[in-house]
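Here the working numbering is used: the first residue of the sequence shown is 2, the next is one more, and so on.
We put the beta carbon where it would ideally sit given N, CA and C, even for glycine.
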Amino acid sequence: MQAILNVAFPIFGVILAGYLAGRWRILGPEATTALNAFVSYFALPVLFFGTLARTPVTAVLDPSLMAGFGIAVVATFGVGMATTRLVSRGGLAAMSLQGIAASWGNVGYMGVPLCLAAFGEQGLPPAMLTVIVTAVVSMVFGVMLIELEVAAGHGPLRTFLRAAFNVARNPLPVSIALGIVASWAGLPIPVPVEKWLDLMGAAAAPCALFAIGLFLSDKSIKSGLAEAGLATLIKLLLQPLAALLILPFFVPIDSIAGKVALLMAALPTAANAFVLAKQFDVSVEQNTASVLLSTAFSVVTVSALLVWLRVT
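Structure representation (structure tokens):
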């Protein structure tokens, strides 16, 4: 109960505040776009860069954690693809989007603030590593498979390069890479710049959570509930279970890194699943429903996991 009150309640409380602000039209019709842009291009990248630039590279680049978490993500991606094939006989693009919905957790907007609240500054480096793994699996592998069907005839190399370019221009992975390079090079950070990084980075967690609520406020579930329900089950139950079984072979599950990875695996579907579905105009209803359902049920599942992990 203490974990729910001290960690889960503030996190989901900020999301609820954003949702109510959106439903009541307090911030205007462009608020979601503006706040998402601020979080994606300024607050979170600055937080990532500032934290990593001041953290030893060896504390961030943990190959064992990357491998263990990556296997869990890839496994649930494959299961998600299989469910679409079995339920609706969907094509490669629909299967890939279902795989993304079932495996791509909200590691950036929700996961980083949650790990920061649960584990403090120690939780940030492994949390950011899971962001890298998720981005590579979902944005390169997943988007490449979508492009293979949607942009048929362009060739696999061009398709891969296009998907890789989508990752390369995303400010979150880029800021992580720059932070690691700055740390490796021992780049000194002047005090005024350091204070600016801290001030801007402090806005990341509340703004990201508030943005999730705003995003959800104007979405509704109209169809695609069967596949969305399966994606929600895979994301909230199967992925953390897979992580629980796989991670001990790579990192101690009772370590900060192990707990962070397990918590990140239990997060709901990222809004990016809806964004990609809208971009390619494939399975839009199913992915919208996946984001809504998984976020709603994650209030219970994530809170229960925090209690199980004895986070206070």
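Alpha carbon of residue i to alpha carbon of residue j, nearest angstrom
| i | j | result |
| --- | --- | --- |
| Leu53 | Ala178 | 9 Å |
| Phe166 | Ile101 | 18 Å |
| Cys208 | Leu130 | 21 Å |
| Ser176 | Ala73 | 24 Å |
| Ala44 | Phe211 | 13 Å |
| Tyr20 | Ala227 | 25 Å |
| Thr135 | Val88 | 25 Å |
| Val137 | Arg170 | 13 Å |
| Pro253 | Ala128 | 16 Å |
| Gly202 | Met82 | 36 Å |
| Thr289 | Gly225 | 9 Å |
| Ala297 | Gly14 | 12 Å |
| Thr302 | Leu248 | 19 Å |
| Ile222 | Gln287 | 8 Å |
| Leu93 | Gly69 | 26 Å |
| Ser256 | Val141 | 29 Å |
| Lys33 | Val58 | A small fix is needed here, since residue 33 is Thr in this sequence, not Lys. Approximately 35 Å, taken between the alpha carbons. |
| Leu149 | Arg86 | 17 Å |
| Val144 | Ala266 | 20 Å |
| Lys196 | Leu125 | 18 Å |
| Phe10 | Gly29 | 26 Å |
| Lys48 | Asp63 | Looking at the sequence shown, residue 48 is not Lys but Leu. The alpha-carbon atoms of Leu48 and Asp63 are separated by roughly 20 Å. |
| Leu1 | Phe281 | This structure cannot settle anything about residue 1, because the visible part of the chain is limited to 2 through 313. |
| Glu122 | Gly51 | 12 Å |
| Val283 | Val300 | 28 Å |
| Phe120 | Glu31 | 34 Å |
Option nearest residue i by Cα separation, candidates the options
| i | options | result |
| --- | --- | --- |
| Ile235 | Ser291, Pro189, Val192 | Ser291 |
| Gly259 | Ala272, Ser299, Val276, Gly71 | Gly71 |
| Ala118 | Asp255, Arg311, Asn7 | Asn7 |
| Pro172 | Pro57, Met145, Ala38 | Ala38 |
| Phe216 | Ser304, Tyr110, Leu87 | Tyr110 |
| Val276 | Trp197, Lys220, Ala68, Val88 | Lys220 |
| Glu24 | Glu122, Ser218, Ala229 | Checking the sequence, you will find Arg at residue 24 rather than Glu. Taking only the C-alpha atoms, the option nearest Arg24 is Ser218. |
| Thr95 | Thr296, Val303, Ile147 | Reading off the sequence, residue 95 comes out as Ala, not Thr. If we check each option's Cα against that of Ala95, Ile147 comes out closest. |
| Leu198 | Leu28, Pro30, Pro46, Ile27 | Pro46 |
| Ala272 | Thr59, Pro241, Gln280, Asn107 | Asn107 |
| Leu310 | Leu245, Phe250, Pro126 | Leu245 |
| Phe250 | Met67, Glu31, Pro193 | Met67 |
| Leu98 | Ser139, Ile133, Leu162, Val132 | Ser139 |
| Pro174 | Thr270, Tyr42, Phe120, Val300 | Tyr42 |
| Ile133 | Ala262, Val308, Val300 | Ala262 |
CB-CB length for residue i against residue j, believed under 8 Å
| i | j | result |
| --- | --- | --- |
| Leu238 | Leu115 | With a Cβ gap of about 18 Å, Leu238 and Leu115 do not count as contacting. |
| Leu268 | Gly112 | 5 Å |
| Leu17 | Gly214 | 6 Å |
| Asn56 | Ser184 | In the sequence on display, residue 56 carries Thr and not Asn. That pair is a contact at about 6 Å. |
| Gly230 | Leu293 | Wrong, their Cβ atoms sit about 11 Å apart, outside the cutoff. |
| Ala274 | Val285 | In fact, because the Cβ distance is near 10 Å, the residues do not count as touching under 8 Å. |
| Gln240 | Ser104 | 7 Å |
| Val40 | Ala205 | 7 Å |
| Thr77 | Ala305 | Incorrect: roughly 19 Å between the Cβ atoms, too far for contact. |
Residue i: first and last residue of the uninterrupted alpha helix (DSSP H) it sits in
| i | result |
| --- | --- |
| Gly202 | 192-203 |
| Gly259 | 257-266 |
| Lys279 | 273-281 |
| Thr233 | 226-234 |
| Asn288 | 285-309 |
| Pro172 | 172-186 |
| Pro241 | 240-247 |
query = What are the start and end residues of each continuous alpha helix (DSSP H) run of 4 or more residues lying completely inside the stretch 17-105, in chain order?
reply = Contiguous alpha helix (DSSP H) elements confined to the stretch 17-105 occur at 32-39, 45-54, 64-88, 93-104, taking only those with 4 or more residues.
request  = Jot down the residue ranges of each uninterrupted alpha helix (DSSP H) in the stretch 106-155, minimum 4 residues, whole runs only, in chain order.
outcome  = Within the stretch 106-155, the complete alpha helix (DSSP H) runs of at least 4 residues are 113-120, 125-136, 144-151.
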